[in-house]
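So the sequence lines, in the order shown, correspond to chains C and R. Residues in the first sequence are numbered from 4 upward in steps of one, following the working numbering. Residues in the second sequence are numbered from 156 upward in steps of one, following the working numbering. Here the structure is laid out as structure tokens; the discussion comes afterwards.
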Amino acid sequence: MPSEFPMHDPQNVWQNQPTEPFKMSTNEIRSKVQQRQKKARLEALFSITTGLMICFFFAWTFARSHGVLPRLGLGLLSLCGLNFAYQAYRWIWPGRLRPDATVSTSLKFYRSELERRRDYGMHIWVRGGLTFCFLGLAMIVLPEVIRSLRSARLLLNVLPVLVVLAIWFAIFLPTRKRKLRKLQQEIDELRGFEREAQS
Amino acid sequence: MSATESVSGGDVGQDSLYKQATDTYGASLDRLARAYEFDPEARRDLLQDIHLHLWRSFAHFDQRCSTRTWVYRVAHNVATGHVIRQRRISSRLVSVESIEALPDSEQGELAASQNEALERLSMLIQRLKPLDRQIIVSYLEGMDASSIGEITGLSPANIAMKIHRTKNVLRRWFGQGGLHAE
């Protein structure tokens, strides 16, 4: 039986709240959807192109350089660029969720996306290619460092690179740890929601 | 035609399906967006997102469920995704703007009571987990247990229990605010 006072009946309150009509026409919606797809494609292309440019740049430098060690380093960096392009391709086109999926399916979908991200973060040194990137850099820089050890003045030239590297590590490692912890927290939360949706 | 019936059938196109669905459920979608997003600006974005996804989804509509079930599933999915993404950015906090956007309780008595009731209801809904949120919104929209089951994918027994709890929570919340229970 409806309440004597309409505002005391939650269903009544909810259904009689003021609403605004949605003003976009189907043509506007279509063009907006196309715009979004175009934007997503452009972002994907930008990341992939960046990776390929890095790859070609180091490959070009590789062809022009001399010495086995620097060439190996440049080759590795070129491969890192290729890996970056591939990872961008993989991340920008994630799995698609069925539009009419039920709540447990959609929660599972979001959880698996977060798990993919977490796994990538956890294995960034190998799967992300960061180890090879640093190895490549070391192969290029180390001969110079060894040469500079003979003269303190030359060592000063290499110092800024080492400082930047140290700062990067000091920021990167705790940030990565914090991100992974947050991701894990979200995954656990979603897992909890999923359990409820399945029970 | 009642709102519970399918709004379309046969070989109607994506645009036509979308148009019919929004004509019938437009106001419900607006309310659904309110259940997921308190901030008016973000709510407009969410509503637009729901409409864009809904339009796109009708390209895959296979008539295996009613249009209403389809519309609500799509809308809840988009809104749940929105909540999950937002949470990553802002955790569980609400912005000052959101608090500012709350209706002033100093307004006329009847209006203030209605607004207050709605405000309390919205605040309650936004505290809930995704599944409970879907259930309470569907219940408030006046759906029966089987319709809610179709949308959420839960068993009728589970839905019945959830609705029972939802009613209890609503009764308690409305009682606490000085408003009588149902």
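Yeah, the Cβ is synthetic: ideal placement off N, Cα and C, and Gly gets one too. Keep in mind it's a predicted model, so treat the numbers as computed, not measured.
Supposed close pair residue i, residue j - CB separation, criterion 8 Å
i	j	result
V16/C	A272/R	5 Å
S293/R	P102/C	In fact, because the Cβ distance is near 18 Å, the residues do not count as touching under 8 Å.
G76/C	G139/C	4 Å
L209/R	V229/R	5 Å
Q187/C	R121/C	6 Å
T22/C	Y173/R	Rounded, the Cβ-Cβ distance is 18 Å, inconsistent with contact.
G236/R	S109/C	7 Å
P13/C	L295/R	6 Å
R223/R	Y191/R	About 18 Å separates the two Cβ atoms, so there is no contact after all.
I290/R	I303/R	6 Å
S277/R	F193/R	6 Å
F1/C	P285/R	The structure shown has nothing for residue 1/C, since chain C only spans 4 to 202.
Contact set between residue i and chain C, taken where Cβ atoms lie within less than 8 Å
i	result
R211/R	V36 and P102
R228/R	P102, D103, A104 and T105
Alpha-carbon to alpha-carbon, residue j and residue i
i	j	result
R39/C	S183/R	25 Å
S81/C	S50/C	15 Å
A300/R	E31/C	36 Å
Y227/R	Y123/C	34 Å
G132/C	G84/C	9 Å
P195/R	S68/C	59 Å
L72/C	I143/C	7 Å
S253/R	R186/R	Low confidence applies here, because S253/R scores a pLDDT of 37, under 50, leaving its location unreliable; read the following figure in that light. Distance between the alpha carbons of S253/R and R186/R is about 17 Å.
E192/C	H231/R	18 Å
D166/R	R198/R	Confidence in D166/R is poor, its pLDDT being 41 and thus under 50, which makes the residue's placement unreliable; the coordinate value appears in the next sentence. Approximately 33 Å, taken between the alpha carbons.
L157/C	S151/C	5 Å
K41/C	R33/C	12 Å
D178/R	K185/C	41 Å
A155/C	W63/C	32 Å
Interface partners of residue i on chain R, CB under 9 Å
i	result
I149/C	The premise fails here: I149/C is roughly 45 Å from chain R at the closest Cβ pair, so nothing lies under 9 Å.
Neighbour list for residue i in chain C, Cβ cutoff strictly below 7 Å
i	result
I239/R	Y113
L202/R	F25
Proximal chain R residues relative to residue i, where beta-carbon distance stays under 8 Å
i	result
Q187/C	Chain R residues near Q187/C: none, gap ~13 Å exceeds 8 Å.
F196/C	K284, P285 and L286
I32/C	Y173, H206, L207 and W210
Q204/C	Only positions 4 to 202 of chain C appear in the structure, and residue 204/C is not among them; the question remains open.
Select from the segment 37 to 53 of chain C all residues with a C-beta closer than 7 Å to any C-beta belonging to chain R, and list them in chain order. none
May I ask you to list, following chain order, the residues of the segment 165 to 185 of chain R that have a beta carbon less than 8 Å from some beta carbon of chain C? D170, Y173, K174, T177, G181, A182, L184 and D185
If you measure beta-carbon to beta-carbon, which residues of the segment 294 to 308 of chain R are closer than 8 Å to chain C? Y294, L295, E296, G297, I306, T307 and G308
Got a sec: which bits of the segment 108 to 135 of chain C sit with their beta carbon under 7 Å from any beta carbon on chain R, in order along the chain? The residues in question are S109, L110 and Y113.
What residues in the segment 168 to 182 of chain C bring their beta carbon closer than 7 Å to a beta carbon of chain R? none
Which runs of the alpha helix (DSSP H), 4 residues or longer, sit entirely within the segment 72 to 135 of chain C? Taken in chain order, the complete alpha helix (DSSP H) segments of 4 or more residues contained in the segment 72 to 135 of chain C are 106 to 125.
Positions along the segment 275 to 294 of chain R whose CB lies within less than 7 Å of some CB in chain C: L276, K284, P285, L286 and Q289
Which parts of the segment 170 to 255 of chain R are runs of the alpha helix (DSSP H), unbroken and 4 residues or longer, counting only runs that do not cross its ends? 195 to 212, 222 to 245 and 251 to 255
Interfacial residues, the segment 62 to 76 of chain C to chain A, with Cβ spacing under 9 Å: This model lacks chain A altogether; the protein chains it does include are C and R.
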